[in-house]
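**Q** Below you'll find the structure I mean.
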Amino acid sequence: MHFQALPKRFYEVKSMPTFILIKNHEEVERITGAHKPALTNAIQTHAPPAPAPTSLGEGSSKDESAASKDVSLLEYLDSTQLNCLNESDTHNIKSILGNKVFNTGKSYLESDSDEQLLINLYPSVFDP
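So, in structure tokens, the structure goes:
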């Protein structure tokens, strides 16, 4: 089976973009279409509470008051499992997400062949 057939067949994806939130191996919410408020609400509903802010780390913004209101899922990514098909060798997914801080530098993700990228993100194991 071709890898692109998996989401369509297994999750019955009929249109793009489709966001499927999976928790404890079960689908908890599905958003079809580019509806930012619905996606934000779904993430805030199903994500664990963010840890209390500590000191400013590398890559953190000096104006953390606005950023602290946003939910960041970077800390929940398993950086060893980051994968992006068609990524270039020099501008890959790990260069922007691998260090688990907001990308405030000049790093970016680029395709090595065409305009299509398939990104696989896996959460690290955590207790809700």
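Residue numbers (full-length UniProt numbering): 1 to 128. The C-beta atom is built at its ideal place from N, Cα and C for all residues, glycine as well. Computed from a predicted model, the values in this text were never measured in an experiment.
#1: Assign Lys23 to one of three DSSP states: helix, strand, or coil.
#2: Have a look at Met16 and Ile31 and give me their C-alpha separation to the nearest angstrom.
#3: Quick check: the stretch 75-90 against the stretch 107-118, are at least 3 beta-carbon pairs closer than 8 angstroms?
#4: Taking the DSSP output, what are the residues bridged to Ser118?
#5: Please list the terminal residues of the continuous alpha helix (DSSP H) segment that includes Leu39.
#6: Going straight from the alpha carbon of Phe19 to that of Val13, what length do you get?
**A** The short version:
#1: In the sequence shown, counting from the first residue as 1, residue 23 sits at position 23. Lys23 falls in the strand class under three-state DSSP.
#2: As a working note, residue 16 is residue 16 in the sequence shown. As a working note, residue 31 is residue 31 in the sequence shown. Distance between the alpha carbons of Met16 and Ile31 is about 10 angstroms.
#3: yes
#4: As a working note, residue 118 is residue 118 in the sequence shown. One detail in the question is off: residue 118 reads as Leu in this sequence, not Ser. Paired residues: Leu85.
#5: Counting from 1 along the sequence shown, the entry for residue 39 is found at position 39. Looking at the DSSP string, the run of the alpha helix (DSSP H) that includes Leu39 is Lys36 to His46.
#6: Counting from 1 along the sequence shown, the entry for residue 19 is found at position 19. Counting from 1 along the sequence shown, the entry for residue 13 is found at position 13. About 9 angstroms.
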